[in-house]
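**Q**
Now the structure itself:
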């Protein structure tokens, strides 16, 4: 059906004869394109239900990415695209179809990257960058981690805690995207940790909280005598909170100190 509609939309090959009048030929071609667009829109609606694109809060837009060719891409063997210029509505319909297909292709690739990130964060980021679904700068990756729905919060924390050079730059950009001005220390920590879950490794927690303390002091210069003081307090709060709520810890420090969280 699609092949038949496409051949009708392209018109007869150059040099061939047809029993249709020019007006009838244009009408048939126009209606064929409308049918093709309806088919693609129906397929797009089905794909939307499968990948739930409404759940994706994107930093970058589909228009800023490169995608594969539309299924309606014309080639020399099947006809001449310039033939469609005979009727402006035909060009408009093809343009709408191509744009719709580009959006679908973008969302499918993006969902692949998100799924991969939720299994192996570094590979997911590499996939998204190489396929131009997100920018390659640490700042763009940080905004993707901060603003995209569907990412595993534990995996975000693992990635931010990595010591590799690029991951470290992303973590710094992520923390620097927060404005803690006017917040008290506890409020700032809670606000900071809303978007991800701290990793289990002490070294990863150490790197993240050290940067958090630096950022908090930059936003509130008079709050602590130095960033080191803020860091020690932040790390202690996290460790005590872990001690209080982790069932694996049998001998609670908090129970000896009289603290509760």
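Numbering (the working numbering), first residue to last: 335 to 595. The beta-carbon is built from N, C-alpha and C at its ideal position, and this holds for glycine as well. As the structure is a prediction and not an experimental result, all values here were calculated from the model.
Go ahead and pull the three-state DSSP assignment for residue 505.
**A** Helix at residue 505.
**Q** Taking one C-beta from the region 468-482 and one from the region 495-508 each time, how about it: are there three or more such pairs within less than 8 Å?
**A** Touching, per the Cβ criterion.
**Q** Grab the span of the alpha helix (DSSP H) containing residue 604 for me, first residue to last.
**A** Residue 604 lies beyond the residue range present for the chain, which begins at 335 and ends at 595; the question has no answer from this structure.
**Q** Whole angstroms are fine: how far does the CA of residue 533 sit from the CA of residue 570?
**A** Approximately 15 Å between the Cα atoms of the pair.
**Q** Quick check on DSSP: helix, strand or coil for residue 441?
**A** Note: residue 441 maps to helix in three-state DSSP.
**Q** Can you list, in chain order, the residues of its chain whose CB lies under 7 Å from that of residue 462, leaving out five sequence neighbours each side?
**A** Closer than 7 Å at Cβ, skipping near neighbours: 447, 468.
**Q** Going straight from the alpha carbon of residue 367 to that of residue 449, what length do you get?
**A** Cα-Cα distance, rounded: 35 Å.
**Q** Taking DSSP as the reference, what is the three-state secondary structure of residue 483?
**A** Coil, per DSSP.
**Q** For a test of your reading of the model: does the CB of residue 355 fall under 7 Å from any non-hydrogen atom of the ligand GTP? Yes or no.
**A** Ligands displayed in this structure: none; no statement on the ligand GTP is therefore possible.
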